[in-house]
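K.L.:
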Amino acid sequence: MIGKIGKSGQDFLGVLSYCKYDRAVSSNKAASVRGELIYHQHINVLLFGDKVPLDIIADEMKSISALNSRTRKLVCHVSLSFPPGERPDRQTLRDIVMDFAGDFGFRENGLLAFRHTDKAHEHIHIIANKIDARGVNSAVSSYNYLEMGRFCRRVEIKYDLQQVKHMDALKRDSTHAPKMTSHHVRLREAIDELIPECNNLHTLQVRLLKLGYKSVVEKGIAFVCKRTGTKIKASSLGWQYAKTSLIERINNSFKFEEGPIFTDRSGHTNEVKRPQLEKQFLSPKKKLR
1 MIGKIGKSGQ
11 DFLGVLSYCK
21 YDRAVSSNKA
31 ASVRGELIYH
41 QHINVLLFGD
51 KVPLDIIADE
61 MKSISALNSR
71 TRKLVCHVSL
81 SFPPGERPDR
91 QTLRDIVMDF
101 AGDFGFRENG
111 LLAFRHTDKA
121 HEHIHIIANK
131 IDARGVNSAV
141 SSYNYLEMGR
151 FCRRVEIKYD
161 LQQVKHMDAL
171 KRDSTHAPKM
181 TSHHVRLREA
191 IDELIPECNN
201 LHTLQVRLLK
211 LGYKSVVEKG
221 IAFVCKRTGT
231 KIKASSLGWQ
241 YAKTSLIERI
251 NNSFKFEEGP
261 IFTDRSGHTN
271 EVKRPQLEKQ
281 FLSPKKKLR
């Protein structure tokens, strides 16, 4: 199982629409449902059934998040993908979602999960409100790539699922353990947070530069802290932060394009933005100054 971290933000409705509806449809056609709602918790309007319009669900989640004025990125969105041919039953998927909620601080928060079977590999999307009913940001994780990978490995073992080789590199030993200095931790967290918002490697470099990290791109990639002059090699961050891995992660992140048209309760027509993949590469000779 492979976990991917989607773009955080404040748009509950946009993420919910992506998870439920098919790709873009013309304005004179109804949106095609592709996501099956398999689990929800602490969403009061869903007590009346799962046919409740998404804008009503989003409104409830926004009303809870409004209790906390300090947190800007209110939405947690992750996807969990299974290898081709592996199709856990509905109860196993629900148990996995509840494990996620418990491990990442969402046990008492509004949360929904949708199953997608429109690709060769079955996958689920989890959308959670980082703010609980007390107005507290209860998230206990920065949702970085390492934490998500370790969660996936625990789930694979617990439910006797295929252990994806992609996750093997997350095992820590004395030889290949990523460094855990404050510089390394902060840079990893910055990259993990920015990747869902970037459409190519150059954009990531620009965003990191604004945070005080200059990228040095040759065959590989390294980062220099402008404040201290400390140079951090990608190899010391972990294989997930190598140049090729960063490009792959960016291409697999969610980006929004035109999506399904729907009408909200007030009768207004809205267009939901949909994710797309962009494959843009930076020449090894091109560096940021």
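By full-length UniProt numbering, the letter at position 218 of the sequence shown is numbered 218, and the numbering carries on one by one without gaps. Don't be surprised by glycine CBs; every beta carbon is placed ideally from N, CA and C. The structure presented is a predicted model; accordingly, all values stated were derived computationally and were not measured.
Please state whether the Cβ-Cβ distance between I57 and I38 is less than 8 Å.
P.N.:
Judged by their CB atoms, I57 and I38 are not nearer to each other than the 8 Å cut-off.
K.L.:
Rounded to whole angstroms, what is the Cα-Cα separation between M1 and E122?
P.N.:
Between M1 and E122, the C-alpha separation is close to 10 Å.
K.L.:
For the stretch 185 to 193 against the stretch 202 to 218, are there 3 or more C-beta pairs whose distance is under 8 Å?
P.N.:
yes
K.L.:
Kindly indicate the opening and closing residues of the beta strand (DSSP E) around F223.
P.N.:
221 to 225
K.L.:
With DSSP run on the structure shown, which of helix, strand or coil describes V78?
P.N.:
DSSP places V78 in strand when its eight states are reduced to three.
K.L.:
Spatial neighbours of Q10 within its chain, please: CB distance less than 6 Å, with the 5 preceding and 5 following residues excluded, ordered by chain position.
P.N.:
L74
K.L.:
Would you decide whether A101 is buried or exposed? Buried here means 16 or more other CB atoms lie within 10 Å of its CB.
P.N.:
buried
K.L.:
Does DSSP classify residue 362 as helix, strand or coil?
P.N.:
Residue 362 lies beyond the residue range present for the chain, which begins at 1 and ends at 289; the question has no answer from this structure.
K.L.:
Mark G149 as exposed unless 16 or more other C-beta atoms lie within 10 angstroms of its C-beta, in which case mark it buried.
P.N.:
buried
K.L.:
Name the residue from L80, D22, I191 whose alpha carbon lies nearest to the alpha carbon of E156.
P.N.:
L80
K.L.:
Label S63 either buried or exposed according to how many other C-beta atoms from any shown protein chain fall within 10 Å of its C-beta, with 16 as the threshold for buried.
P.N.:
exposed
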